[in-house]
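Q: Below: one structure in structure tokens.
In UniProt numbering, the protein residues as written are 1 to 197.
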């Protein structure tokens, strides 16, 4: 019979079909950021999508709030191994925003206030997969969680859901963003444990 020091095996994986491999459940909402928390007033906030032609589509805060607001309930998974189930968000579908955008490019780079970037295929933003989230649990999105607005792509590890979102730039190639340049996986599927490159 093998004997192990208590704690040797690390945290045991909870049994839940919604929990990807290597994840543990949390009731908290941990705050993790690559830098200081920017404070962006909604009077100054703007979101834009820029295509390969240089055409830029812009929405200020009133324009974003005037669009159809979805109520979204999704599980979220952090690369640091926590999972929070059934999170409740409010926001605008990227399908709504891209209805006005024409591009022949297949990749996107997200840019945040504060300088953070992250990359993904355009397909991961469409067909009900991603939102510009402005609310969480029925309240305005707090600054420490990316408010006033963050990208929400819940089917990928949460570093892809860029906080303090400022805009998207269409790209011909899948170029790496901040964490992807620093050893994280280019795509980040939690079900395949695509944590690191």
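Quick reminder that beta carbons are idealized off the backbone N, C-alpha and C, glycines included.
Is residue 63 helix, strand or coil by DSSP?
A: DSSP places residue 63 in helix when its eight states are reduced to three.
Q: Name the DSSP bridge partner or partners of residue 91?
A: DSSP lists 70, 133 as partners of residue 91.
Q: So, using beta-carbon positions, are residue 164 and residue 114 closer together than 7 Å?
A: Their beta carbons are under 7 Å apart, which means residue 164 touches residue 114 by this criterion.
Q: Quick one: grab the DSSP three-state call for residue 154.
A: Three-state result, residue 154: coil.
Q: Hey, how far is the Cα of residue 59 from the Cα of residue 46?
A: Their backbone Cα atoms lie some 6 Å apart in a straight line.
Q: I need the DSSP call for residue 111, collapsed to helix, strand or coil.
A: Strand.
Q: Check whether the segment 90–101 and the segment 118–137 touch, using three or more Cβ-Cβ pairs below 8 Å as the test.
A: Judged by Cβ distances under 8 Å, the segment 90–101 makes contact with the segment 118–137, as three or more pairs qualify.
Q: Nearest to residue 54 by alpha carbon, out of 162, 103, 156, 149?
A: Taking only the C-alpha atoms, the option nearest residue 54 is 103.
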